[in-house]
Amino acid sequence: MDNLKPYWTDQAIRQMKEIYDFYKAFGKKTIQKRISPIKEQVDRLTRFPYLGKVESCYQGTEYFRSLIEGDYKIIYLIREERIYIVAIFDCRQNPSNLYTMLKL
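Sequential numbering of the sequence shown, starting at 6, is according to the working numbering.
Written as structure tokens, this is what we have:
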């Protein structure tokens, strides 16, 4: 199987920016320590799309999958030849916020 192409939803892009903005005050090393591993995991998912576990929530007939990186859960869907990065969820939040965020 060839590498799948990642597609970042507006929500996931916004969440990554929020993570960046929060850690910006702590300096470049902290930003790199928090942001780079998330991006590296997304890169791994392009090669191994079924690496993440199936989430208990689903959208119609499609199942969300997730992969944990540090304090964050990368929520994604696999469709055709793409991986849709749906959300970057901070696991320190109330888990019910995830369902609200995904509108389930």
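For each residue, glycine too, the CB sits at the ideal point set by N, CA and C.
With a cutoff of 7 Å on beta-carbon distance, Ile40 and Tyr77 are scored as not near each other. For Ala92, no alpha helix (DSSP H) encloses it; the enclosing beta strand (DSSP E) starts and ends at 87-95. For Ile83, the pairing in a beta bridge is given by DSSP as Ile88.
When the Cα atoms are used, Lys38 and Tyr81 turn out to be separated by approximately 22 Å. Straight across, the Cα-Cα distance linking Gln46 with Arg52 is about 10 Å.
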